[in-house]
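Undergrad:
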Amino acid sequence: MTDARLRHGRRALALSFFVQGVAFALLVTRIPGIQDRYGISDGLLPVFLAAVPVLAGVASVVTEKLVARVAPSRVLRWSQPVVLLALVGAGAGDALWMAAVALGLFGLSVGALDASMNMLGVSLQRTYGRSIMLGFHAAYSLGGIAGASLAWVGAHWHVSLFWSYLPVALVLGPLAFLAARWYVDAKGAQPGETAGPGGAGALSFRLLLPLCLVMTFAYIGDSTVSNWSAKYLQDVLGSSEEAATVPYNAYMVTTLLGRAVGDLGVRYFGASVVVRAGAVLAACGFALVALAPSVWLGIAAFTVLGLGLSVIVPQTFAAAGRLFPGNSDAAVARLNVFNYVGFLVGSPLVGALGDAWSYRGAMLVPMVLVLVTVVYATSFGARGARYGGGHEQPRTVDVG
1 MTDARLRHGR
11 RALALSFFVQ
21 GVAFALLVTR
31 IPGIQDRYGI
41 SDGLLPVFLA
51 AVPVLAGVAS
61 VVTEKLVARV
71 APSRVLRWSQ
81 PVVLLALVGA
91 GAGDALWMAA
101 VALGLFGLSV
111 GALDASMNML
121 GVSLQRTYGR
131 SIMLGFHAAY
141 SLGGIAGASL
151 AWVGAHWHVS
161 LFWSYLPVAL
171 VLGPLAFLAA
181 RWYVDAKGAQ
191 PGETAGPGGA
201 GALSFRLLLP
211 LCLVMTFAYI
221 GDSTVSNWSA
231 KYLQDVLGSS
241 EEAATVPYNA
251 YMVTTLLGRA
261 VGDLGVRYFG
271 ASVVVRAGAV
281 LAACGFALVA
291 LAPSVWLGIA
301 AFTVLGLGLS
311 VIVPQTFAAA
321 GRLFPGNSDA
331 AVARLNVFNY
341 VGFLVGSPLV
351 GALGDAWSYR
361 GAMLVPMVLV
371 LVTVVYATSF
381 GARGARYGGG
391 HEQPRTVDVG
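Under full-length UniProt numbering, the first residue of the sequence shown carries the number 1, and numbering increases by one thereafter.
#1: With three or more C-beta pairs closer than 8 Å as the rule, is the region 171–189 touching the region 298–308?
#2: Using only the alpha-carbon positions, how far apart do Ala-331 and Thr-63 sit?
#3: Quick one: residues in its chain with C-beta nearer than 6 Å to the C-beta of Ala-12, no 5 flanking neighbours on either side, listed in chain order?
#4: Can you tell me where the alpha helix (DSSP H) holding Gly-111 begins and where it ends?
#5: Can the beta-carbon of Ile-132 be found closer than 7 Å to that of Asp-263?
#6: So, at 6 Å on beta carbons, what are the nonlocal neighbours of Arg-395 in its own chain, with the 5 sequence-adjacent residues on each side left out?
#7: Looking only at its own chain, which residues have a Cβ that is under 6 Å from the Cβ of Ser-310, when we skip the five neighbours before and after it?
#8: Our contact map puts Gln-125 next to Gly-354 with C-beta atoms below 8 Å; I'd like the distance itself, whole angstroms only.
#9: If I'm right that Val-236 touches Tyr-359 with Cβ under 8 Å, what's the distance once you round it to whole angstroms?
#10: Measuring CA to CA, which of Phe-162, Pro-53, Ala-100 is closest to Ala-92?
#11: Tell me whether Arg-37 sits in a helix, a strand or coil according to DSSP, three-state version.
#12: Between which two residues does the alpha helix (DSSP H) harbouring Met-215 extend?
#13: Within its chain, find whatever has a CB closer than 6 Å to the CB of Ser-79; leave out the 5 residues flanking it on each side and keep chain order.
#14: Mind pulling the alpha helix (DSSP H) runs of 4 or more residues that sit fully within the region 51–82?
#15: Could you spell out the range, first to last residue, of the alpha helix (DSSP H) harbouring Asn-327?
#16: Apart from the five residues just before and just after Ala-244, which ones in its own chain have a Cβ nearer than 7 Å to its Cβ?
#17: For Leu-170, does the three-state DSSP call read helix, strand or coil?
#18: I'd like the span of the alpha helix (DSSP H) that includes Gly-270, first residue to last.
#19: Alpha carbon to alpha carbon, how far is Ser-240 from Pro-53? Give it in angstroms, no decimals.
#20: Taking just the CA atoms, how far does Leu-297 sit from Val-159?
#21: Consult DSSP for Ile-31 and reduce its assignment to one of helix, strand or coil.
#22: Select from Ser-164, Leu-134, Trp-157, Gly-135 the residue whose C-alpha is nearest the C-alpha of Gly-147.
#23: Within a Cβ cutoff of 7 Å, which residues of the same chain sit near Asn-118, ignoring the five residues on either side of it in sequence?
#24: For Gly-135, which of Ser-16, Ala-186, Val-280 has the nearest alpha-carbon?
In structure tokens, the structure reads:
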């Protein structure tokens, strides 16, 4: 496999992560607009929103079976345009059943896309022989910032959902589809790579379980920020409506920054050290949120959270690939399901605790859960399994 092909594959996959970040942000940030367009009641809205991650989890399981016969690159190449098509569909309909079909299609295609995208990232990192996984997720975060900004423009200028979504799909859809010709499917363990305790081919859920828990806890933390940061600042800390939008934007920016430099940390200090540091930093962020006496300290606390949580999810996928180098696609697909479990659990959990107890107290729950990641950090690789800084496994190729 040539250096040029790997570099092209890396850039093409980064573009796919970016496009997915744009699409997902455009959907979730315009949920109030979708609710108004279709007349979805407040009681029915949670059902629609919960259906998306449930169907995505189902699609992730199906993708595990599918990639035994079809290369992950083909699944990704065809699922990404479907995600964008479903996004446009969500803005084009005018009946409740149309919203159900569009969101259902979005959930199914996102599950296949997330699973195949991370499969390719894990296998490409293994071929490189050094940490590059955080860079892909940094592209996703950048896409999320771009998508949220486009959504703000659409809402500010009262652009309809259809005309907000259609230009994005027309530009990014063909671009991602054409870039897919450079995807790289790198199967199997590489020379000099030692299989984890599960063996090169065996996939033991018992061994994967610690990583599944870490993934769940990370997404509980992430969904807490995305769903409750604005309400927390406005209702608990007494901010204005404008100021209440700042924490999530700051969180997204620091998530991007953390992922942009995170690969260097993994190369020099090892994945387990970086994950431990991220978990402790995220726990400190939640503690600061719970104790914050003022608006600006609350914003600063959510900013710290972004830096801490940013490294955990990409390294969890990478750890699954290292643990099962001969069966990484199946490991990533199963692990991806717990992305959606955390998303489903996080927001209702914090909301229920906030109503029954207090929102300050509710912030301590994701704090404790994220801190549990420190206990499972050994699952991210021993010292000898570090990437970079003289500790990486021998590279298969020398690429940029």
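By construction, the Cβ of each residue, glycine as well, lies at the ideal position given by its N, Cα and C atoms.
Predicted, not measured: the structure shown is a model, and the values here were computed from it.
TA: With the given structure in hand:
#1: no
#2: 11 Å
#3: Ala-179, Trp-182, Tyr-183
#4: 96–128
#5: yes
#6: Unreliable positioning characterises Arg-395 in this predicted model, as indicated by a pLDDT of 41, which lies under 50. The coordinate reading is nonetheless provided below. Excluding positions up to five away in sequence, the list reads Gly-129.
#7: Thr-255, Gly-258, Arg-259
#8: So it is not a contact: roughly 39 Å between Cβ atoms.
#9: 5 Å
#10: Phe-162
#11: helix
#12: 205–231
#13: Ser-109, Ala-112, Leu-113
#14: none
#15: Element bounds for Asn-327: n/a, residue is neither H nor E.
#16: Ala-230, Leu-233, Gln-234
#17: helix
#18: Segment: none, Gly-270 is in no alpha helix (DSSP H) and carries neither H nor E.
#19: 31 Å
#20: 34 Å
#21: helix
#22: Ser-164
#23: Phe-317, Val-332, Asn-336
#24: Ser-16
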